[in-house]
Amino acid sequence: MIPSTHYLVVAALLFVIGVSGVILRRNVITMFMCIELMLNAVNLTFITFSRFLNQLDGQIFVLFVMTVAAAEAAVGLALIVILSRRADTLDVDQADTMKW
Amino acid sequence: MDGIEPQLTILLLIPAIGSMVIALLPDSRNRTLKGVALLITVIAFGYSLLLVEQFQPQLDTMQFVQNASWFDVGNLHVHYHLGIDGISLFLVILTTFLMPLAILASWTVKEKIRSYLFFMLLLEVGMIGVFISLDLVLFYAFWEVMLIPMYFLIGVWGGERRIYAAVKFFLYTMAASLLMLGAIIALYFFNNAQDFDLVQITNRLSSGEMVLSPQAELLLFLAFFIAFAVKVPIFPFHTWLPDAHVEAPTAGSVILAGVLLKMGTYGLLRFCLPLFPNASVQLAPLICGLALVGILYGALVAMVQTDVKKLVAYSSVSHLGFVVLGIFSFNLQSLEGATFQMLSHGLSTGALFLLVGMIYDRRHSHLIQDFGGLAHVMPRYAAFFMVFLLSSIGLPGLNGFVGEFLILQGAFLANAGYAVLAAFGIILSAIYMLWMYQRVFLGTMNHEANRTLGDLSLREGVILVPLVILALWMGLYPSTFLRPMDASIQKVVDRIEQVQPATVYRVEYRGP
Amino acid sequence: MLENYWIIILFPLLGAAVNGILGRRFSHRVIAWVACSASGLSFLVAVLAFWELIQLPQNARAVSVHLFTWIESGSLVAKFSFLLDPLSMVMILVITGVGFLIHLYSVEYLAEESGYYRYFAYLNLFILMMSVLVLADNYLLMFVGWEGVGLCSFLLIGYYFQKQGAGDAAKKAFIVNRVGDVGFILGVFLIFRSFGTFEYHSIFASVASSPASAATLSVGAITLLLFVGATGKSAQIPLYIWLPDAMEGPTPVSALIHAATMVTAGIYMIARSAPLYSRAPETLLIIAVVGMVTALLAALVALVQKDIKKVLAYSTISQLGYMFVAVGVGAFSAGIFHLITHAFFKALLFLGSGSVILALHHEQDLFKMGGLRKYLRVTFVSMWIATLAIGGAPFFSGFFSKDQILWEAYSSPQGHTALWLGGVLVAGLTAFYMSRLMFLTFHGQERFTVNAESHPPPQEPSLLVTLPLMILAFFSVLAGYVGLPGYLGDNRLEEFLAPSFQWVLQEPAMEHSHTEEVLLTLVAIAVAAMGFFAAYQCYVRNRQIPEDLAHRFSRLHRIIEQKFFVDELYDSLLVNPIRRVSQGVLWKVIDVGVIDGLVNGTATLMQSCSHTIKRMQNGYARVYATWIMGGAVLIILYYFLTST
Amino acid sequence: MDLNYSALLPEIILSLTGIVIMLVIPFVSRERQANLAYLALAGIILAFLALLLDWNQTGLAFFEMVFQDPFAQFCKGLFLFAAAAIVLIAMNYLSQESRAEGEFYSLLLFATVGMSLMAASADLIVTFLGLEVLSISTYVLAGFKESERRSNESAIKYFLLGAFSTGFLLYGIAFVYGATGSTQYLAIAQAIQTSESEPLILLLGLGLMLVGFGFKVALAPFHVWAPDVYEGAPLPVTAHLAVGSKAAAVVALARILLQVFPELNPEWKVLLWVSAVLTMMIGNIAALTQTNVKRMLAYSSIAHAGYLMLGLAAHSELGTQGILYYLTAYTFMTLGAFTVVQIVGRHNEQHVQIEDFSGIGYRYPFLSVTLSVFLLSLAGIPATAGFMGKFFLFAAAVESEMYGLVFLAILASAAGIYYYLRVIVLMYMGDFHGDEVLLTIPLSLRIVITIMVLGTLYLGILPETFLQLASKAVSF
Amino acid sequence: MEYILFYGLATTSVTAALVVVFANRVIYSALALIVCFGAIAGLFFQLDAQFIAAVQVIVYAGAIMVLFLFVIMLLDPESEDFSTDRLKQIPILVVPLAAALAFILIQVTFLWSENASRSLSAGGHTAGSLQMTGNTESLARLLFREYLLPFEITSILILSAVLGAVILTRRPE
């Protein structure tokens with residue numbers, strides 16, 4: 721059996737990549753995808769712990785995370801669509817009317 | 014220690030209800046509103062005189078005590094605790110006395126009179142509240158609440174730079190008093206979260222039931238002190254004062270100088286000394302130093318002012334320096350002098366501001382250079398001005414002298430050097446006041462606009478005559494005011510002596 | 060009965076109150092009646108009181124009249140009570156007596172003025188305050204009168220307030236007096252600290268009963284501080300500068316306040332405190348020296364003044380210096396003696412000059428007078444009497460008092476020959492400048508302008524003016540006989556005053572013979588006569604002499620004429636620097652710049668902080684995400700570092 | 019096992035109301051959709067009644083997923099109250115913008131459900147889901163004016179950053195789960211208590227969870243989104259964000275820190291200390307120079323989050339009591355202030371610049387007097403709720419001997435007074451230079467404002483009642 | 226074998242993730258994300274979470290990503306020019322932050338594994354009930370009993386998400 725640590729390291733890497741991606745990319749869709757990546761890293765962590773602890777609660781949690789991710793995707797993409805419709809851009813840096 | 018005497022609450026309620034009445038009165042003519050307000054303040058004054066009548070001067074405890082729980086939840090026990098003793102009695106009277114005069118002086122205010130009067134009455138509630146509350150939280154609440162009406166009075170009805178002045182006044186005092194809030198809370202927990210009761214805490218401190226470490230005492234003292242120092246104002250916290258005074262409407266200046274500044278010195282006397290005697294004594298040299306600087310500095314700066322109101326404002330810095338010096342000289346004479354001087358300064362400076370306001374009503378200026386030779390056209394005005402000027406510079410026989418004398422005598426007993434330096438303030442006060450008087454009232458009329466000025470009206474006379482009478486009374490028979498203070502002030506002195514016996518100078522008669 | 064004589068102060072109080080409050084509506088007649096009857100009544104009562112006092116046995120002649128407790132704070136008690144004893148009786152007689160005469164004189168003198176009621180109210184107030192000063196039985200109450208008379212002096216000097224000079228002079232008088240008053244009140248503080256009371260009786264008894272060495276230091280300091288007060292009130296170096304300027308006031312005021320009464324308060328105070336002063340030899344020496352120097356300098360300045368009232372003013376300063384020499388050598392009753400005689404003749408001189416000024420329509424320049432004896436007979440005669448008195452002509456009042464001072468300066472244990480020499484010199488100078496004044500005013504050519512409309516020829520004023528002159532002339536001659544020198548008879552004044560000086564430390568007097576005294580007196584008379592004749596030579600016989608002298612010693616002349624530049628010195632050393640520093644440094648720099656700068660600077664700082672923080676909020680979601688990530692990293696880094 | 023429905027009856031009623039509104043929308047004409055607000059109000063009132071039925075019941079419900087305790091009940095009451103007020107504000111807002119759309123109320127009710135669940139949650143999973151219900155509804159609400167670019171931007175920023183921080187929160191939960199083997203509050207607390215040392219992974223989880231909650235509460239440095247989002251969102255939504263969403267996050271955080279991680283107090287106290295100071299300073303100082311009142315109130319709400327952290331860092335009964343009291347006070351004064359801003363702002367929020375308030379003092383006495391009361395309360399002047407709240411929080415911090423924190427809080431609030439005062443200054447002392455269009459104050463808003471003012475003053479003068487409630491509520 | 230599979234999946238997922246971040250076209254990112262999700266599903270499978278793995282593929286890689294692709298097609302982000310970056314300093318900040326984050330996370334993980342033997346488990350609802358295969362049933366039981374409330378909450382969640390999406394995207398009349 722592969723030690724849990726290995727999985728956790730993979731999850732950590734994915735999480736960090738996701739976080740960095742959110743910041744580095746300007747395209748809203750890519751940013752959102754990076755967020756999904758973060759959530760997946762979390763899911764992997766949950767599943768790993770779930771196995772390590774030998775219980776199912778972690779898996780349940782993952783199910784809910786997925787549901788939430790789906791819901792967020794619905795709302796998020798809707799928001800992206802109307803942003804593109806109103807501002808005619810997907811560049812998050814263009815969304816800077818309000819500042820200071 | 015429960016008290017259920019309702020007098021002080023009633024005293025608070027009179028102006029409070031009055032302000033509501035003013036706010037709810039139908040939009041009638043200005044005169045009616047002013048009349049109502051005047052009536053309310055007169056009733057409050059009358060009622061406060063009843064208190065004097067019932068006051069038992071021989072007691073050193075609080076009287077007319079009303080003590081009930083305000084809120085008492087978990088380990089927070091805050092009380093609605095009111096009471097007065099010899100120290101606060103006359104400050105309350107001073108407040109209620111000056112209010113009708115201030116309202117009368119506001120007769121010339123034309124704009125937004127309803128809210129003006131509303132704020133005036135609210136201010137009275139706050140001021141009385143500060144002097145009578147014995148629970149620290151209650152005290153703090155009144156202390157800050159009172160800033161708001163004053164802030165509006167300056168900011169809405171003030172002069173040209175009123176906004177700057179109002180904001181400066183508010184922020185200066187507010188910022189300083191927030192630290193006091195912290196200290197009040199800290200004191201509460203040093204008190205094992207029993208209560209915020211000034212009387213109780215003092216008792217516990219003096220009985221040793223409650224002990225503050227020297228460091229804690231020092232820090233708490235400083236927090237209280239800074240709040241009060243700004244209000245007094247003690248040099249170098251004074252720069253809000255000239256601005257506030259110059260911009261405030263007449264009544265605002267009167268109340269500001271007459272009562273608000275006294276809150277600072279009252280606070281020092283009522284809170285700093287009994288609660289933190291060690292720290293008070295420890296820092297007394299520093300504070301006396303600041304007071305002395307204030308006395309001389311205020312006087313010197315007053316001397317070169319070009320604006321009468323500013324001059325009187327700086328003179329307040331100087332005069333209040335005497336009061337602080339008196340408080341931190343820690344003997345019966347100096348403390349009684351300081352308390353007396355609070356009343357006296359309230360009276361004479363209040364009167365001076367009233368007078369300046371009267372000329373401002375006519376001429377819309379308080380620059381010295383706009384006047385000259387006023388005594389020709391306004392002899393009565395000039396005479397009244399002279400009387401209060403003299404009382405302000407401490408001429409014997411008028412109110413100013415008694416306080417100043419007792420303070421300086423007390424200070425001399427405690428530390429002769431202080432008194433010698435402070436005495437120069439007396440000279441300087443004569444210089445700046447007389448110089449101003451000369452430029453405003455004496456000489457020839459060199460402004461055409463001044464030729465047609467009318468002398469005092471009946472209303473203005475009605476304002477000033479009681480002040481003159483009181484000035485003479487206080488100057489010639491100060492015992493009326495000093496006797497009731499004795500016991501309470503002796504208590505403060507005893508408290509200091511208890512912890513720092515070497516500090517208190519006891520006068521011995523070394524006659525034959 | 061004597062207990063009721065506090066009503067001495069009641070009349071002027073009522074008079075001042077009635078005239079002050081209601082006077083505007085009264086006619087001049089009513090005002091004058093009220094004021095004069097007030098002072099007249101109080102004089103009457105004072106005479107009665109005097110009468111009763113001398114009925115008492117000598118050692119019982121000190122009656123305390125307690126009215127009420129004024130200030131009481133713990134063991135600090137200041138009573139409002141009066142002491143009727145010989146010293147205060149003498150003073151009160153002089154004050155109310157001369158005061159009454161001057162009230163009378165003023166009725167006519169000020170008839171033309173608009174502020175009539177004001178004037179008389181102030182004058183009554185002055186009588187009140189002066190009475191309080193001399194009647195007080197403790198130092199604090201004395202201080203009330205002390206400051207009170209200063210106030211009245213201020214008010215009366217500034218009576219012609221429309222004149223710039225009057226306002227300046229009034230202010231100057233008050234402020235300079237205040238400087239002295241501060242010294243006085245500090246002395247009072249020290250008295251209380253040392254003795255625990257303000258009352259004369261207790262203080263003197265205590266100082267007399269304690270061993271000589273016990274309180275030397277504090278007594279020295281007390282006396283010195285009180286003397287600072289005296290230099291202010293009695294116009295001595297360094298605080299004399301206000302008195303010449305005070306001549307801006309109406310002439311009767313100069314007579315009453317700045318010659319006869321108020322300025323002598325310092326002498327009275329020192330005499331009153333004699334038990335203390337007699338135990339402070341160092342202070343006495345200082346007083347004597349200050350008095351002598353003042354007397355000399357003022358006499359010198361008086362030599363060249365052109366303004367008739369200025370001459371008299373400097374003369375007053377000089378004479379006051381004389382009195383200080385007297386008390387400075389421990390001859391307290393001699394000081395009081397000269398005080399009394401001086402009150403008469405100096406008041407007379409001032410009133411006379413007032414009469415002249417009135418006749419010449421407010422002309423005060425000596426060089427625009429001359430030959431007035433034809434027009435003003437009464438004034439002329441009475442003023443010459445006064446001049447002889449002040450000049451020390453034998454058997455006029457001034458002769459006796461001056462002579463006693465000179466003798467004491469020479470003979471008393473604290474005295475010194477130098478003091479005597481100085482005194483004689485001053486006597487000579489006095490004779491000179493007074494004669495000069497008289498010659499210039501009444502003799503020689505008529506130099507005043509006369510024209511039909513605005514300046515009718517001078518005319519003797521009415522009886523209301525001349526009667527006081529005559530009465531004062533009478534006393535100027537006779538007042539000296541209450542204190543005859545030892546070789547002529549009894550010094551009754553000294554005897555009478557003795558109870559007041561019972562606690563004084565008497566040092567054994569050195570033995571001196573009458574011959575010595577007579578000899579010295581003759582010398583003094585000779586010097587005075589020389590002064591007189593010199594003046595005669597210069598101003599009647601040959602008018603060129605003074606001009607030649609002035610020319611030859613032009614620099615010296617200028618210095619004296621400009622009063623040794625003392626005013627300028629004060630201005631440039633004290634007044635201007637203080638004003639400039641206050642304006643330029645304290646207000647503009649410290650107050651507005653530093654403190655308000657800090658306050659407003661805090662506000663500005665907060666604003667710039669605010670702008671800095673707002674830059675964090677630049678609207679870019681990615682930057683915000685970076686902040687969040689940064690925060691997260693910091694948090695876990697913190698945990699990571701603290702727990703490993 | 020008893021599901022104990024009564025514990026969640028308010029939430030159920032709210033959800034059902036939301037669904038009913040959703041369902042009836044197609045059958046109600048556009049013009050009359052405003053009336054759906056009354057339906058929503060009715061639902062809220064019903065929920066409130068249900069809450070009262072449940073009052074003072076204690077226990078666990080739904081398989082130990084939610085608590086039934088005074089704390090939850092207190093918070094739910096507060097949320098319901100805020101929701102009702104926001105419904106009234108929104109009703110007015112929507113008709114003003116001619117956007118009378120009933121969905122708004124559904125979403126608002128759903129958001130309230132999420133908030134209530136967060137307050138009552140006994141399991142991290144419920145907390146998380148409650149948070150997401152709240153967040154998703156709020157993302158949509160922030161972008162509700164989809165034709166308005168500012169609203170879009172606000173929504174997209176909020177969404178991206180919200181989802182981003184949710185990632186951190188979840189990661190944190192995962193670590194906590196990994197370290198303790200449970201997501202249940204009590205079980206986690208139990209596990210931490212029984213273990214002799216805290217594994218680093220647990221601290222990591224705690225830290226990451228703090229990031230997530232810090233975001234929702236808008237604690238520095240996770241506050242950065244707040245000003246932009248508040249400014250761009252429609253006004254009722256801003257009010258909801260500032261009051262409801264923040265309060266829910268604060269109480270959830272309080273429950274987690276105090277009930278789940280009391281043992282780790284030293285660890286999180288430090289972070290809260292630093293964060294509180296930063297939050298107060300940044301919020302107050304940045305607000306000093308704002309020109310947009312909405313944005314200024316956003317910074318102000320950041321600063322207030324900082325004050326709230328004082329109570330949390332104190333970790334005492336008094337502190338929690340203070341938090342609850344302050345939240346109540348804060349709800350009253352902030353909602354009141356936003357209501358007035360909404361009236362002055364008028365159509366499309368064109369007049370929310372600070373100059374737009376200039377000189378209105380004597381033209382619209384009702385608005386300016388009440389706004390002054392709210393602002394003074396926010397500034398913490400005695401006799402107002404804000405003072406009492408601050409007093410309790412400061413007292414709690416002093417009790418826990420965090421003198422430095424109190425000192426800094428005092429400095430920060432002193433600095434903060436200025437900008438509240440600035441609005442009052444302009445209202446009363448500035449010159450009126452607006453157009454002569456008369457502002458209309460609809461009855462509903464008049465009622466809201468009146469209630470808020472009375473509440474603000476009542477809480478400031480007679481704190482006893484609510485303090486009693488709060489003190490009962492702190493016993494978890 | 227197990228290890229080879231693991232490393233294969235791990236490498237795939239991390240590489241795909243990197244591609245998501247650094248791909249220059251959005252569509253590539255999306256495709257890489259699908260790959261990444263697939264790899265993660267494999268890891269789930271390895272971790273005895275077969276049901277979750279299936280859901281991962283169906284819901285995530287399937288439904289959600291299709292939605293993404295759909296939106297990408299709809300909006301055609303490739304037409305936009307992203308070359309001028311106003312925030313050039315951001316990468317400089319992010320790299321050290323990311324490195325620190327990764328370092329700490331991995332370090333903590335290793336530290337954890339050292340003490341992992343010490344069980345902290347307080348037991349969830351199903352302590353010790355995890356079987357090698359076929360835990361779907363117990364998962365379902367859990368979901369509809371103990372996790373009934375969260376499950377119901379998700380319904381509200383989805384409802385509001387749907388409602389929100391509808392409101393946001395409908396065109397104003």
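Chains as they are written, first to last, in the numbering used here: chain Y, 721 to 820; chain P, 14 to 525; chain G, 60 to 703; chain R, 19 to 494; chain Z, 226 to 398.
For every residue, glycine included, the Cβ atom is placed at its ideal position computed from N, Cα and C.
Using only the alpha-carbon positions, how far apart do residue i and residue j sit?
{"i": "residue 198 of chain R", "j": "residue 332 of chain R", "result": "25 Å"}
{"i": "residue 80 of chain G", "j": "residue 212 of chain P", "result": "48 Å"}
{"i": "residue 624 of chain G", "j": "residue 490 of chain P", "result": "45 Å"}
{"i": "residue 162 of chain P", "j": "residue 142 of chain G", "result": "54 Å"}
{"i": "residue 447 of chain G", "j": "residue 149 of chain G", "result": "24 Å"}
{"i": "residue 596 of chain G", "j": "residue 602 of chain G", "result": "8 Å"}
Leaving aside the five residues before and after residue i along the sequence, list all residues of the same chain whose C-beta is less than 6 Å from its C-beta, in chain order.
{"i": "residue 395 of chain G", "result": "330"}
{"i": "residue 242 of chain Z", "result": "261"}
Give every residue of the same chain whose Cβ lies closer than 7 Å to the Cβ of residue i, excluding the five residues on either side of it in the sequence, and list them in chain order.
{"i": "residue 140 of chain G", "result": "123, 124, 125, 126, 196"}
{"i": "residue 573 of chain G", "result": "545, 546"}
Can you find a CB in chain Y that lies within less than 8 Å of the CB of residue i?
{"i": "residue 671 of chain G", "result": "no"}
Which same chain residues, not among the five before or five after residue i, have their C-beta less than 8 Å away from its C-beta?
{"i": "residue 450 of chain P", "result": "398, 399, 402"}
{"i": "residue 240 of chain R", "result": "183, 229, 232, 233"}
Is the shortest distance between the beta-carbon of residue i and the beta-carbons of chain Z less than 8 Å?
{"i": "residue 678 of chain G", "result": "no"}
For the beta strand (DSSP E) that residue i lies in, which residues bound it at each end?
{"i": "residue 139 of chain G", "result": "135 to 143"}
On the DSSP letters alone, give me the boundaries of the alpha helix (DSSP H) that residue i sits inside.
{"i": "residue 131 of chain G", "result": "First-last for residue 131 of chain G: 122 to 132, but that is the beta strand (DSSP E), not the alpha helix (DSSP H)."}
{"i": "residue 339 of chain R", "result": "335 to 363"}
Is the Cβ of residue i closer than 8 Å to any Cβ of chain G?
{"i": "residue 272 of chain Z", "result": "no"}
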